[in-house]
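Inspection log for the structure reproduced underneath, given as structure tokens.
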Amino acid sequence: SKNYFLTNRARERSNTFINLREVLNRFKLPPGEYIIVPSTFEPNKSGDFCLRVFSEKKADSQVVDDEIEANIEEKELTEDEIEPNFKKLFKQLAGEDAEISAFELCNILKKILAKRQDIKSDGFSIETCKIMVDLLDIDGSGKLGLKEFHILWTKIQKYQKIYREMDVDRSGTMNSYEMRKALEEAGFKLDCQ
Numbered sequence: 001s002k003n004y005f006l007t008n009r010a011r012e013r014s015n016t017f018i019n020l021r022e023v024l025n026r027f028k029l030p031p032g033e034y035i036i037v038p039s040t041f042e043p044n045k046s047g048d049f050c051l052r053v054f055s056e057k058k059a060d061s062q063v064v065d066d067e068i069e070a071n072i073e074e075k076e077l078t079e080d081e082i083e084p085n086f087k088k089l090f091k092q093l094a095g096e097d098a099e100i101s102a103f104e105l106c107n108i109l110k111k112i113l114a115k116r117q118d119i120k121s122d123g124f125s126i127e128t129c130k131i132m133v134d135l136l137d138i139d140g141s142g143k144l145g146l147k148e149f150h151i152l153w154t155k156i157q158k159y160q161k162i163y164r165e166m167d168v169d170r171s172g173t174m175n176s177y178e179m180r181k182a183l184e185e186a187g188f189k190l191d192c193q
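Have a look at this one:
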């Protein structure tokens, strides 16, 4: 993390920090363990690197990567714990069958996104909505009931909040740096790959 670099000073660094395809440096270092940190010319911009290290004697090396993990806290609610206003909204959206199909979900999400000026999106495809319904359909009806829709709605609200906070340049889109921070905030830890 960034804290490592605040408490440890660089042993060596590139003589010139310029935007070139190839950067070559030679360092004479005592035996030990070192971290080599490649970087782009522009902060927070992703890049591909080919790094070669030559040494007089055999040297072991490894990629230092974060472990991939997901820490998602989900609180299970009963129908009685769901707010009356949300139940009323659900009844309006679901109609007589009191369930929301993938097609209904697609229309609902398109209407919501159309009102949002801070998020640039083409909306959700019917395939994406089918997948969301499949993932959250606990009772196997092929549609979302009140509890299932509440779970989805809570996730959407949470992810929209994270999106707004992490879109620091207010572009309505996310670059790779913003996306990585947003995923971390949502509980997903990725490696550098």
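Residue numbers are given in the UniProt record's numbering: position 41 of the sequence shown equals residue 41, and the series is strictly consecutive. Glycine included, C-beta positions come from ideal geometry on N, C-alpha and C.
>> Does Leu144 come out as helix, strand or coil in the three-state DSSP assignment?
In response: Strand.
>> Give the list of continuous alpha helix (DSSP H) stretches no shorter than 4 residues that lie fully inside the segment 114 to 184.
In response: Those alpha helix (DSSP H) runs which fall completely within the segment 114 to 184 and span 4+ residues are 126 to 136, 146 to 166.
>> Tell me which residues share the same chain as Lys130 and place their Cβ nearer than 7 Å to its Cβ, disregarding the 5 neighbours each side in the sequence.
In response: Only Ala102 meet the Cβ criterion.
>> Please tell me whether Leu109 and Phe124 are closer than 8 Å, where the distance is taken between their beta carbons.
In response: Leu109 places its beta carbon less than 8 Å from that of Phe124.
> Mapping DSSP to helix, strand and coil, what is Phe27?
Replying inline: Coil, per DSSP.
> Is it right to say Phe41 is buried, meaning 16 or more other beta carbons lie within 10 angstroms of its own, or is it exposed?
Replying inline: The residue is exposed, with fewer than 16 neighbouring Cβ atoms inside 10 Å.
> Excluding sequence positions up to five away, which residues of its chain have a Cβ less than 7 Å from the Cβ of Tyr163?
Replying inline: Here the set comprises Ile119, Ala182.
> Thinking C-alpha only, which one of Val37, Ser46, Leu29, Cys50 is nearest Glu22?
Replying inline: When the alpha-carbon of Glu22 is set against those of Val37, Ser46, Leu29, Cys50, the nearest one is in Cys50.
>> If I follow the unbroken alpha helix (DSSP H) through Ala94, where does it start and stop?
In response: DSSP places Ala94 in the uninterrupted alpha helix (DSSP H) bounded by 84 to 94.
>> So Ile112 and Leu144 are supposed to be a Cβ contact under 8 Å. How far apart are they, rounded?
In response: In fact, because the Cβ distance is near 15 Å, the residues do not count as touching under 8 Å.
>> Cutting at 8 Å between CB atoms, please list the residues of its own chain near Phe137, excluding the five before and the five after it.
In response: Residue 137 is actually Asp in this sequence, not Phe. Here the set comprises Lys143, Leu144, Glu148.
> Between the Cα of Glu184 and the Cα atoms of Gly172, Met166, Ser171, which residue gives the shortest distance?
Replying inline: That would be Met166, whose Cα lies nearest to the Cα of Glu184.
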